[in-house]
Structure formats: structure tokens, C-alpha cells
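Peer 1:
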Amino acid sequence: MKKILITGGAGFVGSHLVDRLVKDKFKVTVIDNLSSGNINNLSKSFKKIDFIKIDISNYKKLDKSLKNKKFDYCVHLAALADIVPSINYPEDYFKANVEGTFNILNILKKQKISKIVYAASSSCYGFPNKFPTDENCMLNPQYPYALTKRLGEELVEHWGHIYKIPFISLRFFNIYGPRSRTSGTYGAVLGVFLAQKLAKKPFTVVGNGKQTRDFTYVDDIIEAICSALKSNVENQIFNVGSGNTYSINYLTKLIGGKKIYIPKRPGEPDCTYADISKIKKILKWKPKFSLEKGISEVINNISYWKDAPLWSPKTIKLATKDWFKYLS
Ligand code: UDP
Numbered sequence: 125m126k127k128i129l130i131t132g133g134a135g136f137v138g139s140h141l142v143d144r145l146v147k148d149k150f151k152v153t154v155i156d157n158l159s160s161g162n163i164n165n166l167s168k169s170f171k172k173i174d175f176i177k178i179d180i181s182n183y184k185k186l187d188k189s190l191k192n193k194k195f196d197y198c199v200h201l202a203a204l205a206d207i208v209p210s211i212n213y214p215e216d217y218f219k220a221n222v223e224g225t226f227n228i229l230n231i232l233k234k235q236k237i238s239k240i241v242y243a244a245s246s247s248c249y250g251f252p253n254k255f256p257t258d259e260n261c262m263l264n265p266q267y268p269y270a271l272t273k274r275l276g277e278e279l280v281e282h283w284g285h286i287y288k289i290p291f292i293s294l295r296f297f298n299i300y301g302p303r304s305r306t307s308g309t310y311g312a313v314l315g316v317f318l319a320q321k322l323a324k325k326p327f328t329v330v331g332n333g334k335q336t337r338d339f340t341y342v343d344d345i346i347e348a349i350c351s352a353l354k355s356n357v358e359n360q361i362f363n364v365g366s367g368n369t370y371s372i373n374y375l376t377k378l379i380g381g382k383k384i385y386i387p388k389r390p391g392e393p394d395c396t397y398a399d400i401s402k403i404k405k406i407l408k409w410k411p412k413f414s415l416e417k418g419i420s421e422v423i424n425n426i427s428y429w430k431d432a433p434l435w436s437p438k439t440i441k442l443a444t445k446d447w448f449k450y451l452s
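Following this note's numbering, the numbering of the sequence shown begins with 125 at its first residue and continues without gaps.
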């Protein structure tokens, strides 16, 4: 039985990955501080895994809890997400996303691990100058979340080369699907829209809604991580996207409901669109979910979002005050 450490395993992507790897007969250890992850996400697999509530920014505790375990693999998903809080509390983001990654690498350095898969973010490209955007395009993070995730990726690359920790970094584009976070700060668009749909309120469309995003369904993300783990390929960075880009207006059409327009936000690209030829060629992975298919899955599970915060133009304006202040 292969032993795997999943950091952030109680989160949106992490918990789907845990379910899948338990099914594939891995011996799974999850670490999560439950700050944005939710233990209920693990209800399916909880009895079959080791769960340790711990913060990756605490090296001493981490080392103590993990030093006698010998892992074959690690998938490092634990991170702080979202733009606004990263602008307000950049030190927290540095601690979790940079120092946390540094700590995980230093733990793994002492073990002869076969591979670490790092969850990187498409936000590293900022305003891409080429569409679809390939892995060699210029990096230009626009806010602390994006920068700290990129710094984490650099650490993984550097430690990988110096200390011989085989790695794969996956740059995820706009992940959506069941279990996406429903609480806390103003975040990913789909959760915002689904809560608005359930409350029969209009969708708060940013700008003219013609901007497009490469929305990638969570099952495709899980498949990409599994392909990265199981392949012999190492020390590579791959984009992971849907193979398409979809406008926000089209997204609202698929979900169905009225719209209201709110101001365009600074620091946001008008398009994100991954060039996925590299991962298709080298890892033989390809996405299976169109937005139409993914959204129909989400709508079938819409009750999951019943407790998600309900955002209105007024509360969004308040929540994004510092976003406009610092990024304009
Ligand atoms: N968006 C929107 N209304 C909202 C929140 C987001 O129209 O209430 C749009 C936003 O302008 C962007 C897209 O949805 O074009 C995705 O936003 P999200 O914050 O989910 O991801 P990111 O901007 O980081 O790609």
C-alpha cells in the first residue's frame, strides 16, 4: 500500500482527492488546520484515513507529528485562498503559502519521497499576453495570494532540484464543483451565484460579463493530480484547464436567473484560458467536463450551497473596498 500525505485534505479539492485515493487503496494521511477546510467533507473516507489537525506554518509540531511516518508521495494543497484577505493580511498568506510550503519541503527532504505534487495557481500569469496561455508565458502575479502561491511553486522547484525531491507543479485554472467553499470571505464566482440563485436574487455580474474564465471541473482536477502521481514524469510544471474559456454571461445563462451589473474590478484579466497541450502530450491527461456538463452536476447538488453567504452589490462593495483601493 502506497502511503500518501495530503495537506489541506479537508478542503474542496483535497477531500475529493482523499475519496479517490482511498478508493484506489492508498494509505492516506491528511493534515489540515480546518481554517477553511471542513471535516464534514471527509465523512465518506474519515474512518479509513489518518487525520491530523495541524497548521503547516508550525514547523515544530509538523515535524513531531510526521517524523515517524514514511510517505511515498505528497500532494500539497494546503493554502490560504482568495484575493481580498490576501491584500488585507499579506503576512498570513506569506506564512501559510510560502513558509508552510517551505516547512512541508523540509519535512519531505528527510524522507525518500517519490514525488510531491504542488497545487499552483493560474493567477501567476496575471494579465497573460497570449491565449491560450502556455507554461512559458510571462509570470506577473497581481496580488499577494497570487505571489505567495508562485513563491511556493519556486520553492518546490528549487528544493526539488537541490535536494532531489521529484516534483510536479499543476497550475489550476478556476476550479469549480461540489464542496467548493461556502463560507467566509467573498470568493469564487460560482458559490456566489449559486447562493444568489437559491435566494432568488440576481447574479452580481462584474463589468459587462463578457470576460471569460477557464472553468475546470473538480473531477478533471482530481484526474490530473492522479496522472501526475502515477506517471514517471517528474520536475515539470503543467497547466490544468478545461480546454475552453467561457464568459460570465454564459455561466449565468447556464445557471438560469436574472442579472445585475457591478463595477469591473482592478487587477483582473479579461480572459483566462490554459494551453493544455503540454499535459495532454506528456501526462496523457485530458479534461472530460464541458461547462455545460459540470454545471448540470453542480445544479443537481445545489442544496450544498444553502448555507453559503448571500452577497449583494452593497455587501460586495464593502467587502472589496481595499481591493479597489490598492489595485486600482
Ligand atoms: N465574477 C462576477 N461576479 C461575482 C464574482 C466574480 O461576475 O460576484 C466574475 C469575475 O469578474 C471573474 C470571474 O467571475 O471574471 C471569476 O471570478 P473569481 O473570483 O471566481 O475568479 P478569478 O477572478 O480569480 O479568476
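Beta carbons: idealized from backbone N, C-alpha and C, even for Gly.
Going by DSSP in three states, residue 226 sits in which element: helix, strand or coil?
Peer 2: Note: residue 226 maps to helix in three-state DSSP.
Peer 1: Does the structure place the stretch 301-308 close enough to the stretch 421-434 that three or more beta carbon pairs sit under 8 Å?
Peer 2: Touching, yes.
Peer 1: Which parts of the stretch 194-269 are runs of the beta strand (DSSP E), unbroken and 3 residues or longer, counting only runs that do not cross its ends?
Peer 2: If we require 3 residues or more, the beta strand (DSSP E) runs fully inside the stretch 194-269 come out as 197-200, 239-245.
Peer 1: Using the Cβ count rule (16 or more neighbours within 10 Å means buried), how would you classify residue 156?
Peer 2: It counts as buried.
Peer 1: In this structure, how does DSSP classify residue 379 when only helix, strand and coil are distinguished?
Peer 2: Residue 379 falls in the helix class under three-state DSSP.
Peer 1: Thinking C-alpha only, which one of 258, 318, 415 is nearest residue 307?
Peer 2: Nearest of 258, 318, 415 to residue 307, Cα basis: 318.
Peer 1: When burial is assigned at 16 or more other CB atoms within 10 Å of the CB, is residue 190 buried or exposed?
Peer 2: Residue 190 comes out buried.
Peer 1: Please classify residue 310 as buried or exposed, where buried requires at least 16 other C-beta atoms within 10 Å of its C-beta.
Peer 2: The residue in question, residue 310, is buried, as its Cβ has 16 or more Cβ neighbours within 10 Å.
Peer 1: Buried or exposed: where does residue 381 fall if 16 or more other Cβ atoms within 10 Å of its Cβ makes it buried?
Peer 2: With fewer than 16 Cβ atoms within 10 Å of its Cβ, residue 381 is classed as exposed.
Peer 1: Quick one: does the C-beta of residue 208 sit closer than 6 Å to a heavy atom of ligand 1?
Peer 2: Outside the cutoff, so no.
Peer 1: Skipping 5 residues on each side, what residues in its chain have a beta carbon closer than 7 Å to that of residue 186?
Peer 2: The answer, listed in chain order, is 178, 180, 227, 231.
Peer 1: Under 8 Å: do the stretch 283-293 and the stretch 237-245 share three or more Cβ pairs, one atom per stretch?
Peer 2: The stretch 283-293 is in contact with the stretch 237-245.
Peer 1: State the CB to CB distance for the pair residue 364 and residue 403, rounded to an integer number of angstroms; the pair is presumed to be in contact (CB under 8 Å).
Peer 2: Confirmed, Cβ separation roughly 6 Å.
Peer 1: Using 8 Å as the Cβ pair cut-off and three pairs as the minimum, do the stretch 139-157 and the stretch 341-357 touch?
Peer 2: Flag = yes, the stretch 139-157 and the stretch 341-357 touch.
Peer 1: Of the residues 184, 158, 182, which one's Cα is nearest the Cα of residue 175?
Peer 2: Nearest C-alpha to residue 175: 158.
Peer 1: Please go through the same chain and pick out, in chain order, the residues whose beta-carbon is closer than 8 Å to the beta-carbon of residue 198, but skip the five residues on each side of it.
Peer 2: So the list reads 128, 129, 130, 131, 228, 232, 237, 239, 240, 241, once near-sequence residues are dropped.
Peer 1: Hey, would you say the C-beta of residue 328 is under 6 Å away from at least one heavy atom of ligand 1?
Peer 2: Yes - ligand 1 has a heavy atom lying nearer than 6 Å to the Cβ of residue 328.
Peer 1: Distance check for residue 247 and residue 222, CA to CA, integer angstroms please.
Peer 2: If you take the alpha carbons of residue 222 and residue 247, they lie about 16 Å apart.
Peer 1: Using 8 Å as the cut-off, can you tell me whether the stretch 327-344 makes contact with the stretch 394-401, which would need three or more C-beta pairs spanning the two stretches below that distance?
Peer 2: Output reads yes: the stretch 394-401 touches the stretch 327-344.
Peer 1: Per DSSP, what kind of secondary structure is residue 171 in: helix, strand or coil?
Peer 2: Residue 171 falls in the helix class under three-state DSSP.
Peer 1: Just list the residues that DSSP pairs residue 130 with in beta bridges.
Peer 2: Answer by DSSP bridge pairing, in chain order: 154, 199.
Peer 1: What residue from 167, 430, 366 has the CA that sits closest to residue 134's CA?
Peer 2: Closest by alpha carbon: 167.
Peer 1: Would residue 391 and residue 451 be called neighbours here (beta carbons separated by less than 7 Å)?
Peer 2: It is a contact, given that the beta carbons lie within the stated cut-off.
Peer 1: Just to confirm the assignment, what range does the beta strand (DSSP E) spanning residue 293 have?
Peer 2: Residues 291-296.
Peer 1: Drop a sphere of 10 angstroms on the beta-carbon of residue 271, count the other beta-carbons inside from all chains shown, and report buried for 16 or more, exposed for fewer.
Peer 2: Residue 271 comes out buried.
Peer 1: Leaving out five residues before and five after residue 212 in sequence, what residues of the same chain have Cβ atoms less than 8 Å from its Cβ?
Peer 2: Excluding residues within five positions, the ones whose Cβ falls inside 8 Å are 446.
Peer 1: Return the Cβ separation of residue 126 and residue 196 in integer angstroms, given the expectation that the two are a contact with Cβ distance under 8 Å.
Peer 2: About 5 Å; that satisfies the 8 Å criterion.
Peer 1: To the nearest angstrom, how far is the alpha carbon of residue 284 from that of residue 153?
Peer 2: Their Cα atoms are separated by approximately 22 Å.
Peer 1: To which residues of the same chain is residue 410 closer than 6 Å at the C-beta, ignoring the five residues directly before and after it?
Peer 2: Answer for residue 410: 404, listed in chain order.
Peer 1: Assign residue 191 to one of three DSSP states: helix, strand, or coil.
Peer 2: Three-state result, residue 191: coil.
Peer 1: Could you tell me if the beta carbon of residue 221 falls within a distance shorter than 6 Å of some heavy atom in ligand 1?
Peer 2: Outside the cutoff, so no.
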